[in-house]
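Okay, so here's the structure we're looking at.
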Amino acid sequence: MIDNEQMISKIYKIIEDSKEKVNKDYYRLNYHIMPPVGFLNDPNGFIQINGEYHLFYQFNPFYPEDKKVCWAHLKSTDLITWEWLPIALLPIEWYESHGCYSGSAVNNNGIFTLIYTGNVKNSMGVRETYQCLAESKDGINFKKYIDNPVIYNQPEGYTRHFRDPKVWKHNNLWYTVIGAQTEKKQGTTLLYSSIDLVKWTKIGELDSLMKDFGYMWECPNLFTIDHKDVLLFCPQGVKLKGDLYNNIYQCGYFIGKIDYETGKFTHEEFLEIDRGFEFYAPQVTVDDSGRTLMVGWIGLPDEENSETKENNWMHCLSIIRELYIKDNKLCQRPIKEMELLRKKLIQYNDLKINSDNFELPNNGDSYEMICDFVFEDDVVFGLKLRSKDGTDGINLYYDSKNEKIAFDRENIVSAKRETRKCYIRNNRKLKLHIFMDKSSIEVFVNDGQETFTARIYPDKKSNGIFIFCKNGNVAVNIKFWNII
Numbered sequence: 071m072i073d074n075e076q077m078i079s080k081i082y083k084i085i086e087d088s089k090e091k092v093n094k095d096y097y098r099l100n101y102h103i104m105p106p107v108g109f110l111n112d113p114n115g116f117i118q119i120n121g122e123y124h125l126f127y128q129f130n131p132f133y134p135e136d137k138k139v140c141w142a143h144l145k146s147t148d149l150i151t152w153e154w155l156p157i158a159l160l161p162i163e164w165y166e167s168h169g170c171y172s173g174s175a176v177n178n179n180g181i182f183t184l185i186y187t188g189n190v191k192n193s194m195g196v197r198e199t200y201q202c203l204a205e206s207k208d209g210i211n212f213k214k215y216i217d218n219p220v221i222y223n224q225p226e227g228y229t230r231h232f233r234d235p236k237v238w239k240h241n242n243l244w245y246t247v248i249g250a251q252t253e254k255k256q257g258t259t260l261l262y263s264s265i266d267l268v269k270w271t272k273i274g275e276l277d278s279l280m281k282d283f284g285y286m287w288e289c290p291n292l293f294t295i296d297h298k299d300v301l302l303f304c305p306q307g308v309k310l311k312g313d314l315y316n317n318i319y320q321c322g323y324f325i326g327k328i329d330y331e332t333g334k335f336t337h338e339e340f341l342e343i344d345r346g347f348e349f350y351a352p353q354v355t356v357d358d359s360g361r362t363l364m365v366g367w368i369g370l371p372d373e374e375n376s377e378t379k380e381n382n383w384m385h386c387l388s389i390i391r392e393l394y395i396k397d398n399k400l401c402q403r404p405i406k407e408m409e410l411l412r413k414k415l416i417q418y419n420d421l422k423i424n425s426d427n428f429e430l431p432n433n434g435d436s437y438e439m440i441c442d443f444v445f446e447d448d449v450v451f452g453l454k455l456r457s458k459d460g461t462d463g464i465n466l467y468y469d470s471k472n473e474k475i476a477f478d479r480e481n482i483v484s485a486k487r488e489t490r491k492c493y494i495r496n497n498r499k500l501k502l503h504i505f506m507d508k509s510s511i512e513v514f515v516n517d518g519q520e521t522f523t524a525r526i527y528p529d530k531k532s533n534g535i536f537i538f539c540k541n542g543n544v545a546v547n548i549k550f551w552n553i554i
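All residue numbers for the sequence shown refer to the working numbering, where the first residue is 71 and numbers rise by one.
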């Protein structure tokens, strides 16, 4: 196995050799985190420490030839502009030979500590899984704990799909939730406690009401908002059910109450955190001001088709979102700092729409737009975005009679239209808050009651914004800001 310096040298050579090709790609984003080369997936280690935000992500610069997953490292003072730092974790030890997989970060009495899964496939191709520590005194250079791993393989009764530790402190004890799979091939989450992050005691499964909900639960987060405990995770193997669970893998949450001594978790129904095509493996942190912040991967495991793949890079992260609970539902809103990116405000007041296509003047592909609709009749209305002439592009529309909002795009492989829908109660008003960035879109519906997130690959000349209404009339107020 090559050493640290050899691997770093190899990575930076790949980055330098690919720079021109990568940067010429039209679909490179303007204000989202993306890899300099290779493959990005799960965000990791999201934390504010010493006044600065740090964010890591799963980074495979060798993709697709090799699958040596590292931890890329970024920091920011405003959650908008991110500085690239030296790669934090490289898979050079025996307990991580096939990748430094997902995990989290904590401030352990001034020591910046990462907790992650070391992934190994032995000579027989069998997975081994280890939970490991790395520490930093300067917030840049991380040294792996000499006695790694701190949790050695999975406990009895579970398969080796045992990964993604998320650590936090509660009542002077450290706790972690780890995604797991039982030997009966059922997804679950295991709860551990520790006084020092080194010696861990298994409390047991988070004893939820869902005993047969997919075959694996990945990337769990457990946090508290308004005295309510939230388990946010990614179940794999959940069957499609109408408008629910339409993606290959899901991402959602329970709201309830956990008993830290027994692991008993009393909760409400499972709800999806995002209703679009790609949103996975979110990472949650609470910052110094008390905000609960989330960032996710705009991508999905096992889906590797992308217009950018031929240009040596794939995927991006979402914008940072603030979480809050309303009506016992986890809602999302863009962080206030996103306003720093706004250019000149363009405003349209009380536009009356009663036709198929009303075109707004626009020549940009990176923007923020807020649309406040008011309607009376049973109508179908909405937006056509990144459209050349009003017949193509992304459709975002609301059917007030059936109380459904829908988002559709063209599938990158089949070129067929594909749609995601969800229920939005008809209150004769609808608010759409949209962030467009060349090859991504994020939509917050009614202040984050629902969200739709997706990657898109329109023609670079397709920048049109069209408003349409069928079977009646709709009035809309619009605020629009170019971002670049």
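Don't be surprised by glycine CBs; every beta carbon is placed ideally from N, CA and C.
Item                                                                                                                         : Value
As assigned by DSSP and simplified to three states, the class of residue 82                                                  : helix
Candidates 466, 527 and 283, of which the one nearest residue 309 by Cα                                                      : 283
Simplified DSSP assignment, three categories, for residue 247                                                                : strand
Backbone CA spacing between residue 464 and residue 428 [nearest angstrom]                                                   : 15 Å
Check whether residue 470 and residue 100 have beta carbons under 7 Å apart                                                  : no
Reduced DSSP secondary structure (H/G/I, E/B, other) of residue 364                                                          : strand
Residue range of the beta strand (DSSP E) that includes residue 381                                                          : Where residue 381 is concerned, there is no enclosing beta strand (DSSP E), given that its DSSP letter is neither H nor E.
Nearest to residue 555 (by Cα), restricted to the options 544, 528 and 195                                                   : The question about residue 555 has no answer, for the chain in this structure spans 71 to 554.
Own chain partners of residue 315 with C-beta closer than 6 Å, once the 5 adjacent residues on each side are dropped         : 308
Spatially closest choice to residue 106 from 89, 95 and 116, by CA coordinates                                               : 89
Length of the line joining the Cα atoms of residue 349 and residue 267                                                       : 30 Å
CB-CB length for residue 210 against residue 159, believed under 8 Å                                                         : 13 Å between Cβ atoms; not a contact.
Pairwise C-alpha distance: residue 249 and residue 198                                                                       : 14 Å
Extent of the continuous beta strand (DSSP E) to which residue 352 belongs                                                   : 350-356
Environment of residue 417 [buried if 16+ CB atoms lie within 10 Å]                                                          : exposed
N-terminal and C-terminal residue of the beta strand (DSSP E) that residue 116 is part of                                    : 108-119
Beta-carbon proximity list for residue 57, same chain, < 8 Å, skipping 5 on both sides                                       : Only positions 71 to 554 of the chain appear in the structure, and residue 57 is not among them; the question remains open.
Unbroken stretches of the beta strand (DSSP E), 3 residues or longer, contained in the segment 158-238                       : 170-178, 181-191 and 197-206
Of the listed residues 222, 176, 278 and 257, nearest to residue 237 (C-alpha basis)                                         : 176
Rounded C-alpha distance that separates residue 338 from residue 543                                                         : 38 Å
For residue 281 and residue 258, the rounded distance between their alpha carbons                                            : 8 Å
Residue 513 beta carbon less than 7 Å from that of residue 526                                                               : no
Opening and closing residue of the beta strand (DSSP E) in which residue 297 lies                                            : That residue, residue 297, is in no beta strand (DSSP E); it is neither H nor E in DSSP.
Cα-Cα separation between residue 488 and residue 287, rounded to whole angstroms                                             : 26 Å
Contact set for residue 72: own chain, Cβ-Cβ below 8 Å, skip 5 residues either direction                                     : 80 and 162
Residue 76, DSSP secondary structure in three states                                                                         : helix
Inter-residue Cα distance where the pair is residue 121 and residue 178                                                      : 15 Å
C-alpha gap between residue 291 and residue 354, whole angstroms                                                             : 7 Å
Alpha-carbon to alpha-carbon, residue 139 and residue 510                                                                    : 24 Å
Cβ pair count under 8 Å reaching 3, the segment 368-386 against the segment 136-152                                          : no
Residues of its chain near residue 499, where Cβ-Cβ distance is below 6 Å and the 5 sequence neighbours each way are ignored : 444
Limits of the unbroken beta strand (DSSP E) element including residue 422                                                    : 415-423
Counted within 10 angstroms of its Cβ, other Cβ atoms place residue 342 as buried (16 or more) or exposed                    : buried
Continuous beta strand (DSSP E) stretch holding residue 390: start and end                                                   : Careful: residue 390 lies outside any beta strand (DSSP E) and carries neither H nor E.
Classification of residue 134 by the beta-carbon crowding that lies within 10 angstroms, buried from 16 upward               : exposed
Cβ-Cβ separation, residue 335 to residue 276 (assumed contact under 8 Å), whole Å                                            : 5 Å
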